[in-house]
Amino acid sequence: MLTIRLLGDSGVLISFGEVIDEEINKRVHALAQAIEKDKPEWLVEVVPAYSSLAIYYDPTLITHEEVISYVSDLKFNVEDVKGREIEIPVAYGGEFGPDIEFVAEYNGLTIDDVIEIHSKPLYRVYFLGFLPGFAYLGGMDERIATPRLEKPRTKVPAGSVGIAGKQTGWYAIESPGGWRIIGRTPLRTFNPKKVPPSIALPGDYVKFVPIDEEEFWEIYKEEWEND
Amino acid sequence: MIEIVATPSPAMIQDLGRVGYQKFGVPVSGVMDEVSARLANYLVGNPDNCPVIEFTVGGLILRFHSSSVFAVTGEAEVLLNDYPLEPWRSYWAKRGDVLKVRLRKGMYGYIALAGGIDCPRILESCSTYVRAKFGRPLKPGDKLSLGYAILTGKAGKTIPRKFIPNLWGDKTIRVILGPNIEHFTAQGIRTFLSSEYEVTPESDRMGYRLEGPKIEHSERGAGIVTEPIPLGAVQVPANGKPIIMLADRQTTGGYAKIATVIRVDIPKVAQTRPGEKLRFKPISVQKAIKELRKREITMKALRKAINDEWFLYKIKVRGKEFLAFSGTKD
């Protein structure tokens, strides 16, 4: 079911339900893509999330009623949304993943188990939000779920891959943070000099691929040196 | 070129924001008070979206290394070589001149320079967003080059007193209720609309945190499935204290939002200092859109009048004086 709510005088929120669900998220992206493809002149931007999307518009050109009737009439097809499958190399443990031992112990597993369980699924990118390039991934195995740090670190390096509760993901830019860091990707997952600036796009699927330290530095040099 | 001499309080380059990248998690940023910033640009003949210097209460000192035309907006004290000038007006500066600004009222002031400030664009915008290191606050010794502009005829422009926005007086902020209104009790909504809320010192470009009577959530609680956050959203976390989300707000969030400040009143919110109080008043979306359209017509007319494309007339109707714009000069 589709509900429409007002985001003040310059936006409307289209919601397909209040749950985190892959099929619902596909509808969000299908509608977002249909609007972006159509590019009406009053459109400012479209922001998809888990089960809803914001349409920000220019109220000097259109009213909220007209935006709502536009959306109601717009045809979109969930079949058109085809996410790519992208691989994110990750060096697990050691200096790259200082919390991996804790995650293993907390869940009664070995470090190798954690790596295997974490790198097995194909994670869905539900959307990007909160911070630049931050991907909300779905599909983590609950066997490695671990609560956040009691005291967040003041600085987590860009590319750090972590677990927070039942959630996993990476820090796209250096920032403070309370996730349990289990590894790090050498990829520059967010680069404002590129369009699109993010390596993962909403609707994509992500696979973490374990690499060793040597491979990490090889890729790291390529990604970060020409700066 | 201009050189930053001192930054008694934080100042940074901003334009109208990084529009179109929220789907990648990139905040919009941009000026906190869109009206004052755009008027500063109009006064020096720049387009709306030219980068300006946004300064805060303690102000800024800068030195001109070449001739330039500048304007300062906001409730600012303006000194050129220690000689007092007016805000809301454009002036020539020569090489070596020193400009000192600071605020008498409000939180943000703007300096616009003819031709705009040359700055590296990140995702199509010059806006500084400190958290992601998109630029950084200005510091003494920074040199900023200016865009090319013909300076002749640019100085001496002014905003008629009647059109200087009053963002510093009455702080009744108009809001459209929602989008998560069902997360609040009827009593909670009444509390929100009938109480005074004080802006706290923890406020910044990301959001203004308010102190005041606790807003009661319904049994649905303070959490929602993470969804997009519009400019001006009033989030209420579990402690019941509202936060107004502003320029540097994150793109999405998981707290219920009781209301959204209308676009026209965002500058008024931005210009509220910690310790000052706000009140919220509901308004319909139809009215809000009408207000915004009215504001934009005035802004456009002011820009044309400042650029000598339109004339500004004083007319008297039944003893009352009005200002009117006219589209032709002859």
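Which chain is which? The protein sequence lines are A and B, in order.
Residue numbering for the first sequence is 1 to 227, as defined by full-length UniProt numbering.
Residue numbering for the second sequence is 1 to 330, as defined by full-length UniProt numbering.
Even for Gly, the Cβ is constructed at its ideal location relative to N, Cα and C.
Just so it is clear, the structure is predicted and the values come from calculations on it, not from any experiment.
Residue from the options whose Cα sits closest to the Cα of residue i
i, options, result
"ILE115(A)", "ALA135(A), ILE20(A), GLU225(A), GLY97(A)", "GLY97(A)"
"LYS154(B)", "LEU113(B), LEU138(B), ILE61(B), TYR21(B)", "LEU113(B)"
"residue 376(B)", "HIS217(B), ASN239(B), ASP204(B), SER194(B)", "Because residue 376(B) is not part of the residues shown, which for chain B are 1 to 330, the question remains open."
"ALA247(B)", "GLU75(B), TYR129(B), GLY25(B), GLU3(B)", "TYR129(B)"
"GLU198(B)", "GLY156(B), GLY232(B), LYS133(B), GLU211(B)", "GLU211(B)"
"ALA37(B)", "VAL72(B), ILE244(B), SER194(B)", "VAL72(B)"
"THR152(B)", "TYR108(B), LYS314(B), TRP92(B)", "TRP92(B)"
"GLN235(B)", "VAL90(A), LEU7(A), ILE88(A), LEU61(A)", "LEU7(A)"
"VAL103(A)", "ILE182(A), TRP42(A), ILE4(A)", "ILE182(A)"
"TRP168(B)", "LYS105(B), ASN180(B), ASP204(B)", "LYS105(B)"
"LYS94(B)", "SER66(B), ARG279(B), GLY20(B)", "SER66(B)"
"PRO242(B)", "ILE266(B), THR172(B), PRO213(B), ASP48(B)", "PRO213(B)"
"ASP73(A)", "ILE35(A), ASN107(A), ASN191(A)", "ILE35(A)"
"SER51(A)", "PRO196(A), ALA30(A), GLU66(A)", "ALA30(A)"
"LYS75(A)", "ARG27(A), GLY94(A), ILE111(A), SER119(A)", "ARG27(A)"
"LYS277(B)", "PRO84(B), GLY45(B), LYS171(B)", "LYS171(B)"
"VAL35(B)", "GLY58(B), GLU309(B), LEU292(B)", "LEU292(B)"
"ILE262(B)", "MET299(B), ILE111(B), LYS290(B)", "LYS290(B)"
"GLY221(B)", "GLY240(B), LYS162(B), GLU296(B)", "GLY240(B)"
"MET299(B)", "PRO8(B), ASN41(B), LEU85(B)", "ASN41(B)"
Span of the beta strand (DSSP E), counted from its first residue to its last, around residue i
i, result
"LEU43(B)", "From DSSP, LEU43(B) is part of no beta strand (DSSP E) but of the alpha helix (DSSP H) over 34-43."
"THR3(A)", "3-6"
"ALA32(A)", "Premise fails: ALA32(A) lies in the alpha helix (DSSP H), 22-38, not in any beta strand (DSSP E)."
"PHE322(B)", "320-326"
"VAL225(B)", "223-228"
"GLN250(B)", "Here GLN250(B) belongs to no beta strand (DSSP E), and DSSP marks it neither H nor E."
"GLU45(A)", "43-48"
"GLN235(B)", "233-235"
"MET12(B)", "11-14"
"GLY11(A)", "11-15"
"ARG124(A)", "123-128"
"ALA6(B)", "2-6"
Proximal residues of chain B, C-beta to C-beta of residue i below 9 angstroms
i, result
"HIS64(A)", "VAL285, GLN286, ILE289"
Partner residues on chain A for residue i, Cβ-Cβ distance less than 7 angstroms
i, result
"GLU296(B)", "THR60"
"LEU123(B)", "PRO192, PRO197"
"LEU278(B)", "By Cβ distance, chain A contributes nothing, its closest Cβ being about 16 angstroms from LEU278(B), past 7 angstroms."
Neighbouring residues, chain B, relative to residue i (Cβ below 7 angstroms)
i, result
"GLU18(A)", "VAL225"
"ARG5(A)", "GLY178, PRO179"
"TYR50(A)", "VAL225, THR226"
"PRO132(A)", "PHE24, GLY25, VAL26, ALA132"
"PRO157(A)", "The premise fails here: PRO157(A) is roughly 13 angstroms from chain B at the closest Cβ pair, so nothing lies under 7 angstroms."
Sequence-distant residues of the same chain with beta carbon closer than 7 angstroms to residue i, five excluded per side
i, result
"GLN33(A)", "ASP80, VAL81"
"ALA270(B)", "MET32, ASP33, MET107, TYR108, LEU246"
"PRO274(B)", "VAL199, THR200, PRO201, SER203"
"GLN250(B)", "PRO27, ILE229"
"THR185(A)", "ILE88, PRO89, VAL90, GLY159, VAL161, TRP170"
"ILE164(B)", "TRP88"
"PRO179(B)", "LYS257"
"PRO10(B)", "THR56, PRO137"
Chain-ordered neighbours of residue i on chain A, where CB pairs are closer than 8 angstroms
i, result
"PRO230(B)", "LEU7, GLY8, SER10, GLY11, ALA54, TYR56"
"VAL5(B)", "Simply none; closest approach about 30 angstroms."
"VAL261(B)", "GLY8"
Host alpha helix (DSSP H) of residue i (start-end)
i, result
"GLY188(B)", "186-194"
"ILE176(B)", "Here ILE176(B) belongs to no alpha helix (DSSP H); instead the beta strand (DSSP E) covers 172-177."
"SER203(B)", "Segment: none, SER203(B) is in no alpha helix (DSSP H) and carries neither H nor E."
"LYS207(A)", "Counting along the chain, LYS207(A) falls outside any alpha helix (DSSP H), though it belongs to the beta strand (DSSP E) covering 205-211."
"SER119(A)", "111-119"
Sequence-distant residues of the same chain with beta carbon closer than 8 angstroms to residue i, five excluded per side
i, result
"ILE13(B)", "PRO51, VAL52, ILE53, GLU54, ILE117, CYS119, CYS126, SER127, THR128, GLY135, LEU138, LEU144"
"GLY165(A)", "ALA145, THR146, PRO147, ARG148"
"ILE86(A)", "ILE199, ALA200, ASP204, TYR205, VAL206, LYS207"
"PRO282(B)", "ARG174, VAL175, ILE176, LEU177, LEU193, ALA259"
"LEU128(A)", "PHE134, ALA135, TYR136, SER198, ALA200, LEU201, PRO202"
"ASP97(B)", "ARG63, PHE64, LEU80, ASN81"
"SER10(A)", "VAL44, TYR56, TYR57, ASP58, PRO59"
"TYR313(B)", "LEU323, ALA324, PHE325, SER326"
"MET1(A)", "PHE16, GLY17"
"ASP212(A)", "ALA91"
Sequence-distant residues of the same chain with beta carbon closer than 6 angstroms to residue i, five excluded per side
i, result
"THR154(A)", "PRO176"
"TYR208(B)", "VAL199, ILE244"
"LEU122(A)", "TYR205, LYS207"
Heavy atom of the ligand MG within 7 angstroms of residue i beta-carbon
i, result
"LEU113(B)", "Among the components modelled here there is no ligand, and therefore nothing to report on the ligand MG."
Partners in chain B for residue i, counting only beta-carbon separations shorter than 8 angstroms
i, result
"ILE35(A)", "Within 8 angstroms Cβ-Cβ: nothing; ILE35(A) doesn't reach chain B, min ~11 angstroms."
"VAL47(A)", "GLN22, LYS23, PRO228, THR251, THR252"
Q) Where in the stretch 256-318 of chain B do unbroken runs of the beta strand (DSSP E), each at least 3 residues long, occur, reported from the N-terminal end onward? A) 257-261, 277-282, 311-317
Q.
Report the start-end ranges of each beta strand (DSSP E) in the stretch 61-124 of chain B that is 3 residues or longer and not cut off at the edges.
A. 68-73, 76-80, 83-85, 89-93, 98-103, 109-113
Q: Starting from the N-terminal side, write out each stretch of the beta strand (DSSP E) that is 3 residues or longer and does not extend beyond the stretch 131-198 of chain A.
A: 135-138, 153-156, 160-164, 167-170, 175-177, 180-184
Q) At what residue ranges does the stretch 52-109 of chain A contain a whole run of the beta strand (DSSP E), taking only runs of 3 or more? A) 52-57, 85-92
Q) What are the residues of the stretch 71-101 of chain A that lie near chain E, defined by any Cβ-Cβ distance shorter than 9 angstroms? A) Going by chain labels, chain E is absent from the structure shown, which instead holds the protein chains A and B.
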